[in-house]
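Heads up, the thing below is written out as structure tokens.
There are 2 protein chains.
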Amino acid sequence: MTKVLVVDDEPALVRALRVNLAAHDYDVTIAYDGRSALKRTAQDHPDVVILDLGLPDIDGSEVIDGIRGWSAVPIIVLSARDQEREKVTALDAGADDFVTKPFGMDELLARVRAAARRAQPNDDEPAIVTDDFVVDLAATVVRRSDGTEVRLTPTEWQLLEALVRDRGRLVTSQQLLRQVWGPQYEHERHYLRVFIAQLRRKLEPDPSQPRYIRTEAGMGYRFIG
Amino acid sequence: MTKVLVVDDEPALVRALRVNLAAHDYDVTIAYDGRSALKRTAQDHPDVVILDLGLPDIDGSEVIDGIRGWSAVPIIVLSARDQEREKVTALDAGADDFVTKPFGMDELLARVRAAARRAQPNDDEPAIVTDDFVVDLAATVVRRSDGTEVRLTPTEWQLLEALVRDRGRLVTSQQLLRQVWGPQYEHERHYLRVFIAQLRRKLEPDPSQPRYIRTEAGMGYRFIG
DNA sequence: TGGGACCGTAAGGAATTCGTCAGGATCCGG
DNA sequence: CCGGATCCTGACGAATTCCTTACGGTCCCA
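Top line first, the protein sequences correspond to chains A and B. If you're matching positions, the first sequence starts at 60 in my numbering and goes up one per residue. If you're matching positions, the second sequence starts at 60 in my numbering and goes up one per residue.
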């Protein structure tokens, strides 16, 4: 399901957006200020971000900067008619589209559809098959050879996805931390150790002798398919 | 077409260079002294400069200085055997490689090829293949011909990467130390000896007779693909 | 022939990095 | 408001990597 993050501090507008988006089968998350917007983006990896420029804490284009530092997620900007200058700044910062308030819900939905379509150049990725399990990136599923499904938490999945997408290649600790936790957690290598261990417990035949998720001491990890 | 500027005052050598380079489809220009060498470089923007150290007017390293003031064009230095000191000075001044006279034309042509390749940085880096192993810079992997993977530590990898990226070309100890350990370790040449030895142990078929990682006494090391 | 400069090799302890466990905080759905 | 799942955090032993020291060899030149 397409995940949409709505960043806005007007309760009435938020409610309207949530209802209408949910009615069209979008998975909606709300953030009421820039700070939590950045956090949510890093955690949830939404497919589209709808961002109101008039936020209480941070300037809108700073939010865009923060997201663009590490993610290419489409950003649709909501702006009032008297915010022409901010609009330009936002587009410069890397916004993809903007809608002027007041706006019709149909127009916004059309923009969201377009953005989501652009975001998923869906070249259907084949599942990655190993001797012990199958990773289906498209379906977000890991299945063991005996048919049972492996239960992964959201963080575990994101980590596995990052490793599997670059399978065969070394993925540095920095890259993993940025992709899974967000750029500000670049140095928290301890997170990695903990979650790599959990992935190994769930996937490796012998977690103490990892075969698929290899560690490259001092550099990062590598998935061997 | 690759343009080569030859700076030399010995008519016989100049003739030999012109013929051989032209036969390999290089566009050759000649300068007989340092002054006109600087002028030609500024006007013609050659892709490679071949510079003889024994010039009539200016000292060789001054010519290098003059060029390096505004251009990063690769400079290959020709030097006689009794010009050890000038060689080092030239490399420090920013020369890229050197060839000691008398030299084989094949050797010089190989150096020119390496210099030209370095001048035109390639976007996608293909793996470097030798008779005994394959270095895949993108994946951060070294694989032996029998399929086994070579385990390298971070420092060993950085060192190998620095050498392989400039394969065929001499890389001075200074450059290696700066790239791998940082500028403040420029003089710790012993680090190099230790880690070069480890690389050879892991890569060379006969570490006591290095074939791929050659040492250039007093200057640095060179990777031969 | 002796000394100096440079290079190669080996080995051990210091420092960093990794794996693991477990308790507590936080979030979310009922 | 509660229970369960998930995530963060701290602690500690194990493993890995790095730096340092020591010694032997070669080459060149006084």
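Just so you know, even glycine gets a beta-carbon here, dropped at the ideal spot from N, CA and C.
8 Å contact criterion, which residue i and residue j should meet: CB distance rounded
i                      : j                      : result
residue 209 of chain A : residue 222 of chain A : Between residue 222 of chain A and residue 209 of chain A the Cβ distance is about 15 Å, and since that is not below 8 Å, they are no contact.
residue 135 of chain A : residue 157 of chain A : 7 Å
residue 108 of chain B : residue 64 of chain B  : 5 Å
residue 68 of chain A  : residue 115 of chain A : 5 Å
residue 218 of chain B : residue 258 of chain B : 6 Å
residue 96 of chain B  : residue 113 of chain B : Not really, about 13 Å apart at Cβ, beyond 8 Å.
Length of the line joining the Cα atoms of residue i and residue j
i                      : j                      : result
residue 73 of chain A  : residue 201 of chain A : 35 Å
residue 61 of chain A  : residue 103 of chain A : 11 Å
residue 127 of chain A : residue 274 of chain B : 45 Å
residue 240 of chain A : residue 100 of chain A : 10 Å
residue 264 of chain A : residue 191 of chain A : 7 Å
residue 281 of chain A : residue 177 of chain B : 30 Å
residue 152 of chain B : residue 260 of chain B : 33 Å
residue 262 of chain B : residue 155 of chain A : 49 Å
residue 206 of chain B : residue 75 of chain B  : 45 Å
residue 160 of chain B : residue 92 of chain B  : 18 Å
residue 85 of chain B  : residue 106 of chain B : 10 Å
residue 278 of chain A : residue 80 of chain A  : 42 Å
residue 285 of chain B : residue 117 of chain B : As displayed, chain B neither begins before 60 nor continues past 284, which places residue 285 of chain B out of reach and without an answer.
residue 220 of chain A : residue 175 of chain A : 20 Å
residue 124 of chain A : residue 132 of chain A : 12 Å
residue 110 of chain B : residue 267 of chain B : 34 Å
residue 252 of chain B : residue 225 of chain A : 34 Å
residue 149 of chain B : residue 119 of chain B : 7 Å
residue 197 of chain A : residue 187 of chain A : 11 Å
residue 189 of chain B : residue 203 of chain B : 9 Å
residue 250 of chain A : residue 235 of chain A : 10 Å
residue 173 of chain A : residue 164 of chain A : 14 Å
residue 78 of chain A  : residue 70 of chain A  : 12 Å
residue 216 of chain B : residue 194 of chain B : 10 Å
residue 245 of chain A : residue 213 of chain A : 19 Å
residue 94 of chain B  : residue 82 of chain B  : 27 Å
residue 145 of chain A : residue 121 of chain A : 11 Å
residue 227 of chain A : residue 270 of chain A : 12 Å
residue 272 of chain A : residue 233 of chain A : 17 Å
residue 147 of chain B : residue 185 of chain A : 55 Å
residue 141 of chain B : residue 90 of chain B  : 23 Å
residue 182 of chain B : residue 211 of chain B : Confidence at residue 182 of chain B is low in this model, with a pLDDT of 47, below 50, so its placement is unreliable and the value that follows should be read with caution. Near 25 Å, if we compare the C-alpha coordinates of residue 211 of chain B and residue 182 of chain B.
DSSP bridge partner residues for residue i (one or two, in chain order)
i                      : result
residue 64 of chain A  : A:88 and A:108
residue 229 of chain B : B:281
residue 138 of chain B : B:159
residue 202 of chain B : B:193 and B:208
residue 187 of chain B : B:194
residue 273 of chain B : B:281
Status (buried if at least 16 other CB within 10 Å, exposed otherwise) for residue i
i                      : result
residue 276 of chain B : exposed
residue 129 of chain B : exposed
residue 255 of chain A : buried
residue 199 of chain B : buried
residue 98 of chain B  : exposed
residue 284 of chain A : exposed
residue 243 of chain B : exposed
residue 301 of chain A : With chain A running from 60 to 284 in the structure shown, residue 301 of chain A is simply not present.
residue 170 of chain A : buried
residue 237 of chain A : buried
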